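K.L.:
Pasting the structure below:
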């Protein structure tokens with residue numbers, strides 16, 4: 054989900070964003086580009102329902118671009134993590150994938 058809420062880092066439209074991602078070798082099926090949305094409530098409006106649910110159900114705040122990560126199990130259990138690196142979640146992701 055591209056977002057333009059953090060220092061206007063993603064002002065382009067979906068087509069341009071997708072073209073740039075493909076140029077950087079982010080390609081399906083490894084990465085599927087979603088629509089550009091708001092991930093938190095701010096000056097540009099309310100958060101997209103997906104991010105609203107993730108934040109509310111885990112009490113996790115998205116304070117900055119890549120400032121929070123969410124893991125969803127096969128059964129729909131959601132875990133939220135703020136202030137961590139993706140590498141620190143490797144074991145949790147592996148556990149969820151093997152469950």
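Residue numbers (the numbering used here): 54 to 152.
By construction, the Cβ of each residue, glycine as well, lies at the ideal position given by its N, Cα and C atoms.
This one's a predicted model, so the numbers in the text were calculated from it and none came from an experiment.
Taking 8 Å as the cut-off, decide whether the C-beta atoms of residue 61 and residue 91 are in contact.
P.N.:
In this structure, residue 91 does not lie closer than 8 Å to residue 61 by Cβ.
K.L.:
Consult DSSP for residue 123 and reduce its assignment to one of helix, strand or coil.
P.N.:
Residue 123: strand per DSSP, three-state reduction.
K.L.:
Hey, could you find the ends of the alpha helix (DSSP H) residue 152 is sitting in?
P.N.:
Careful: residue 152 lies outside any alpha helix (DSSP H) and carries neither H nor E.
K.L.:
Which of the three DSSP states, helix, strand or coil, is assigned to residue 135?
P.N.:
Strand.
K.L.:
Round the Cβ separation of residue 121 and residue 129 to the nearest angstrom and send it over; I've been treating them as touching at under 8 Å.
P.N.:
At roughly 19 Å, the Cβ-Cβ gap does not stay under 8 Å, so residue 121 and residue 129 are not in contact.
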